[in-house]
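Numbering (our numbering), first residue to last: 3 to 226.
Below is one structure; the comments refer to it alone.
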Amino acid sequence: MNSALLEALGQVLPLAVGISLSPLPIIAVVLTVMSPRARVSGPAFVAGRMLGLALVAGVVIAASDLVYSLTSAAGLPAIVRLVLGLALVVLGLSKWRPKPKGVEPELPAWMSAFSSASPGRAFSLSLLLSVANPKELALLVAVGVTVGGAPLSVGDEILVGVGVVIIASLPVAIPTIAVLAAPTRVRPALEGLRAWLTANSSVVMGLLLVVIGAVVTGGAIGEL
Numbered sequence: 003m004n005s006a007l008l009e010a011l012g013q014v015l016p017l018a019v020g021i022s023l024s025p026l027p028i029i030a031v032v033l034t035v036m037s038p039r040a041r042v043s044g045p046a047f048v049a050g051r052m053l054g055l056a057l058v059a060g061v062v063i064a065a066s067d068l069v070y071s072l073t074s075a076a077g078l079p080a081i082v083r084l085v086l087g088l089a090l091v092v093l094g095l096s097k098w099r100p101k102p103k104g105v106e107p108e109l110p111a112w113m114s115a116f117s118s119a120s121p122g123r124a125f126s127l128s129l130l131l132s133v134a135n136p137k138e139l140a141l142l143v144a145v146g147v148t149v150g151g152a153p154l155s156v157g158d159e160i161l162v163g164v165g166v167v168i169i170a171s172l173p174v175a176i177p178t179i180a181v182l183a184a185p186t187r188v189r190p191a192l193e194g195l196r197a198w199l200t201a202n203s204s205v206v207m208g209l210l211l212v213v214i215g216a217v218v219t220g221g222a223i224g225e226l
């Protein structure tokens, strides 16, 4: 395994973890695996999640490759990552705000569809959630910029992209596997997790974006 590949993996790992801890997909998969058709809808949700992430990652990596191939500016990848890192920090700070007292946290109305989704609907909703989440898209763009700006072969780029998708999908795959293995034992814990994430999703996502944005910004400054 060459040094460029190891460096790229190290740079995208925090981004992949940030995507993996995005609250909405975790809440959505918990709703799905608590439904009557959990044994088929749960795996369908995971498949949709992985495909959606793979599609977005593939597009942004290919776009970054194209942009970098058309310019000779050696410091461009670091500059783009610096801008993205600062944008992630600002986005995180905008999300990290206290809720007014007496206001109960609520999920978006469309999220209730996961509670009764058929396998096909769970797949399509999960796919849509993975390609249309602005916070995750920002992190995936950072992945694309990082990978596209690294001196990697196409095979290495695919390897990094697959690694990102696998890591980012773990928090939806693990509850699904757990429910398939021991539904009675894990469902109370999953319900508690869903309630906590619903109440704290803005704080969790805001904190993640600030921390990851700071990591990306610091790494970019070190390369300038």
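For every residue, glycine included, the Cβ atom is placed at its ideal position computed from N, Cα and C.
Residue i, buried or exposed, once every other Cβ within 10 Å from all chains shown has been counted against 16
{"i": "Glu193", "result": "exposed"}
{"i": "Arg83", "result": "buried"}
{"i": "Ile223", "result": "exposed"}
{"i": "Gly12", "result": "exposed"}
{"i": "Asn4", "result": "exposed"}
{"i": "Pro153", "result": "exposed"}
{"i": "Val32", "result": "buried"}
{"i": "Ala144", "result": "buried"}
{"i": "Ala46", "result": "buried"}
{"i": "Val35", "result": "buried"}
{"i": "Val14", "result": "buried"}
{"i": "Val156", "result": "exposed"}
{"i": "Ala140", "result": "buried"}
{"i": "Ala18", "result": "buried"}
{"i": "Ala111", "result": "exposed"}
Sub-7 Å separation of residue i and residue j beta-carbons
{"i": "Ala30", "j": "Phe116", "result": "yes"}
{"i": "Val164", "j": "Ala40", "result": "no"}
{"i": "Ser22", "j": "Ala170", "result": "yes"}
{"i": "Pro121", "j": "Val48", "result": "no"}
{"i": "Gly54", "j": "Thr178", "result": "no"}
{"i": "Val147", "j": "Ala10", "result": "no"}
{"i": "Ser118", "j": "Ser37", "result": "yes"}
{"i": "Pro16", "j": "Val149", "result": "no"}
{"i": "Lys97", "j": "Gly20", "result": "no"}
Where the alpha helix (DSSP H) containing residue i begins and where it ends
{"i": "Pro190", "result": "Pro185 to Glu225"}
{"i": "Gly77", "result": "Looking at the DSSP string, Gly77 is not in any alpha helix (DSSP H), and its letter there is neither H nor E."}
{"i": "Ser120", "result": "Careful: Ser120 lies outside any alpha helix (DSSP H) and carries neither H nor E."}
{"i": "Ala30", "result": "Pro25 to Val35"}
{"i": "Arg39", "result": "Per DSSP, Arg39 belongs to no alpha helix (DSSP H) and is neither H nor E."}
{"i": "Ser22", "result": "Ser5 to Ser22"}
{"i": "Pro136", "result": "Pro136 to Gly150"}
Anticipated Cβ contact below 8 Å, residue i with residue j, distance rounded
{"i": "Val174", "j": "Ile28", "result": "7 Å"}
{"i": "Arg196", "j": "Ser132", "result": "Going by Cβ atoms, the distance from Arg196 to Ser132 rounds to 19 Å, so no, they are not a contact pair."}
{"i": "Ala56", "j": "Val167", "result": "5 Å"}
{"i": "Leu226", "j": "Ala80", "result": "5 Å"}
{"i": "Leu199", "j": "Val206", "result": "7 Å"}
{"i": "Leu26", "j": "Ile214", "result": "At roughly 17 Å, the Cβ-Cβ gap does not stay under 8 Å, so Leu26 and Ile214 are not in contact."}
{"i": "Val62", "j": "Leu142", "result": "6 Å"}
{"i": "Gly87", "j": "Thr186", "result": "Their Cβ separation, rounded to whole angstroms, is 44 Å, which puts Gly87 and Thr186 out of contact at 8 Å."}
Proximity test, residue i beta-carbon vs the ligand COA heavy atom, cut-off 6 Å
{"i": "Phe116", "result": "Among the components of this structure there are no ligands whatsoever, and the ligand COA is therefore not found."}
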